[in-house]
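Novice: To convert, note that position 244 of the sequence shown is 244 in the UniProt record's numbering; the numbers rise steadily by one, no gaps. Got a structure for you, questions after.
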Amino acid sequence: MLSCLLVCINFSRKKSLNTASCLRWISRRVRRSLSCTVMSSLQSSASKDDNEDVQPPQKPPSPPPHTTFAARGIHPPTFSAFKPRDYRIPSVQAMNHIAWNCDGKKLAAVGIDKITRVWAPEKSMDNRSATMFSGGHSDDVDYVSWNPTHPDLFCTSSQRDRRIVFWDARQSKCVQQIPLKFNPIFTNYSPDGRSLVCSSPNSKMYTFTYGKAGEELKEQWRLSDREPVIATTAIFNHVGTGIILTHINENVFRIMDFPSFNLRAHPAAHVGGCSAVALDPRGRYLATGGNDSIVNLFDTQDWICERTITSCDHAINALSFSFDGEYIAIASGGAYIDICATESGVPLHRVPSLMAASTVAWHPSKHLIAYCGQTKAREGGPPLAR
């Protein structure tokens with residue numbers, strides 16, 4: 001029977017454990033490990049072992065002077081001085097998704113089993129300190145989304161048991177279960193928290209609404225009667241009147257009204273299909289990532305590509321803007337997370353990771369990121385765990 005270990009990387013000034021001792025202990029006990037990484041701006045240096053296989057990003061041409069931090073009076077954090085801290089859960093499966101709640105006081109992770117784990121990072125990221133939410137799913141959980149209007153409300157989805165489950169973090173039992181005829185994977189709330197979009201493996205995007213039906217006294221979530229649209233991921237604009245859809249096999253993204261889904265525009269974005277999308281908190285830029293390893297930043301007024309980030313060498317898995325919109329974190333098929341400046345596209349730092357991260361998320365009010373994935377195995381030995 002394999003043990004389960006969660007790895008979170010937390011930057012703190014506390015004295016770290018001896019690295020060599022940890023490696024020896026882990027190499028004896030760990031068969032597979034999941035990693036969830038949290039990074040903030042406290043000083044330290046990365047270990048030599050973590051950096052030896054990761055090449056620094058290519059230096060791009062000098063950006064226009066007016067886009068630099070100095071010209072705009074901004075003092076960026078020294079990302080290269082950050083101290084990551086890993087928290088690991090050995091498992092035969094990878095951690096699929098990780099997400100912050102709206103006030104940044106809770107961090108949820110799913111993917112290795114039927115349980116949703118929620119931490120309070122300001123207190124502890126130890127696996128024993130996580131609140132476990134179980135009983136809602138009969139099989140492994142794939143995705144977790146927090147309601148943007150309430151710090152305790154979230155939902156989880158599982159394509160194996162064909163179910164979306166709604167939770168309140170203040171109670172152990174789920175609030176509502178919705179059995180479905182399709183396999184739900186991706187979910188995302190609207191800004192008002194009363195609509196939810198959900199995609200299936202065959203790239204159909206369904207809509208759920210929250211409210212009363214008929215003479216019901218209690219508001220509940222229910223699947224909309226509207227025909228699904230074709231998409232793999234979707235994000236809402238900041239007021240909830242529009243939605244942006246992407247498809248893994250389409251080289252464009254679609255801008256549509258919500259909830260009518262009337263098409264407004266479909267700008268070309270990538271050669272190999274759009275695999276990730278994120279909206280700047282300031283509303284200035286839309287970032288798209290593709291299988292061509294490129295990240296494009298579009299102006300949200302005219303939907304023209306303002307700049308291109310080419311620091312990555314692999315297909316893009318996920319994108320996330322910092323709370324101030326100044327930085328964008330890029331998770332790709334490489335064993336690293338790239339942090340780039342939004343206004344110039346200049347790479348600022350490359351964070352080595354144990355393996356390719358499936359998702360990355362900035363804290364909603366701090367310069368701190370979280371990402372998760374699974375470690376790789378060394379040839380002829382157990383999975384590498386650092």
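Here a beta-carbon is modelled for each residue, glycine too, at the ideal position from N, C-alpha and C. Computed from a prediction, not measured in an experiment: that's the story for all the values here.
Put Asn96 into one of helix, strand or coil per three-state DSSP.
Specialist: Reduced to three states, the DSSP call for Asn96 is coil.
Novice: In angstroms, rounded to a whole number, what distance separates the CA positions of Ala331 and Ala130?
Specialist: Straight-line Cα distance between these residues: approximately 25 Å.
Novice: Since I believe Val118 is in contact with Lys106 (beta carbons under 8 Å), could you give me their beta-carbon distance rounded to a whole number of angstroms?
Specialist: Lys106 to Val118, Cβ: 5 Å. Contact.
Novice: Throw me the rounded Cβ distance for the Gly373 and Leu354 pair, which I believe falls under 8 Å.
Specialist: With a Cβ gap of about 7 Å, Gly373 and Leu354 count as contacting.
Novice: List the endpoints of the continuous beta strand (DSSP E) containing Ser275.
Specialist: Segment Cys274 to Leu279, the beta strand (DSSP E) holding Ser275.
Novice: Gln220 lies in the beta strand (DSSP E); which residues open and close that run?
Specialist: Where Gln220 is concerned, the enclosing beta strand (DSSP E) stretches over Gln220 to Leu223.
Novice: Can at least three beta-carbon pairs, one atom from the region 271 to 278 and one from the region 307 to 322, be found at a separation below 8 Å?
Specialist: Enough Cβ pairs lie closer than 8 Å, so yes.
Novice: Taking only runs of the beta strand (DSSP E) that begin and end inside the region 242 to 316, which ones reach a length of at least 3 residues, in chain order?
Specialist: The region 242 to 316 contains these whole beta strand (DSSP E) runs: 242 to 246, 254 to 257, 263 to 265, 274 to 279, 285 to 290, 295 to 299 and 305 to 309.
Novice: CA-CA distance, Ala99 and Ala370?
Specialist: Distance between the alpha carbons of Ala99 and Ala370 is about 8 Å.
Novice: Going by the DSSP bridge assignment, what does Pro347 pair with across the sheet?
Specialist: Pro347 pairs with Cys340.
Novice: Would you identify the three-state DSSP class for Asn127, choosing helix, strand or coil?
Specialist: Helix at Asn127.
Novice: Which one of Pro184, Thr116 and Arg194 has the shortest CA to CA distance from His150?
Specialist: Ranking the options by Cα distance to His150, first place goes to Arg194.
Novice: Buried or exposed, going by whether 16 or more other CB atoms sit within 10 Å of the CB of Arg264?
Specialist: Its Cβ having fewer than 16 others within 10 Å, Arg264 is exposed.
Novice: For the beta strand (DSSP E) that Met205 lies in, which residues bound it at each end?
Specialist: Per DSSP, Met205 belongs to the beta strand (DSSP E) from Lys204 to Gly211.
Novice: Residues in its own chain within less than 6 Å of Gln43 by CB, not counting five upstream and five downstream?
Specialist: With a pLDDT of 37 at Gln43, under the threshold of 50, the modelled position of this residue cannot be trusted; read the value that follows with caution. Once the five neighbours on either side are set aside, the close Cβ partners of Gln43 are Ala81.
Novice: Looking at the structure shown, is Ala81 part of a helix, part of a strand, or coil, going by DSSP?
Specialist: Three-state DSSP puts Ala81 in a helix.
Novice: Could you check how far apart the C-beta atoms of Pro345 and Leu297 are, in whole angstroms? I think they sit under 8 Å.
Specialist: Reading the sequence as shown, one finds Gly at residue 345 and not Pro. That pair is a contact at about 7 Å.
Novice: If I follow the unbroken beta strand (DSSP E) through Phe236, where does it start and stop?
Specialist: Phe236 -> beta strand (DSSP E) spans Thr233 to Phe236.
Novice: Can you look up Thr156 in the DSSP assignment and give me helix, strand or coil?
Specialist: Strand, per DSSP.
Novice: Hey, out of Leu368, Gly111 and Pro77, whose CA is closest to Val92's CA?
Specialist: That would be Gly111, whose Cα lies nearest to the Cα of Val92.
Novice: Counting along the chain, where does the beta strand (DSSP E) carrying Gln177 start and finish?
Specialist: Gln176 to Pro179 is the span of the beta strand (DSSP E), which, as asked, contains Gln177.
Novice: Could you tell me the distance, in whole angstroms, from the CA atom of Val38 to the CA atom of Thr209?
Specialist: The predicted model places Val38 with a pLDDT of 45, which falls under 50 and marks its position as unreliable, so this point remains unresolved.
Novice: When the Cα atoms are used, what is the spatial distance from Glu52 to Ala357?
Specialist: With a pLDDT of only 48 at Glu52, under 50, the local geometry of the prediction cannot be trusted, and the value read off the model is given with reservation. Taking the straight line joining both Cα atoms gives about 18 Å.
Novice: According to DSSP, which residues form a beta bridge with Gln171?
Specialist: According to DSSP, Gln171 bridges with nothing at all.
Novice: Which term fits Leu348, buried or exposed, when burial requires 16 or more other beta carbons within 10 angstroms of its beta carbon?
Specialist: By the neighbour-count rule (16 or more Cβ atoms within 10 Å), Leu348 is buried.
Novice: How long is the line joining the alpha carbons of His75 and Cys340, rounded to whole angstroms?
Specialist: Whole-angstrom Cα-Cα distance: 14 Å.
Novice: Could you please give the first and the last residue of the uninterrupted beta strand (DSSP E) stretch that includes Ile328?
Specialist: Its beta strand (DSSP E) spans residues Tyr327 to Ser332.
Novice: Examine the Cβ distances between the region 225 to 239 and the region 155 to 175 and report whether three or more of them are shorter than 8 Å.
Specialist: As far as the Cβ criterion goes, the region 225 to 239 does not touch the region 155 to 175, which means the pair count is below three.
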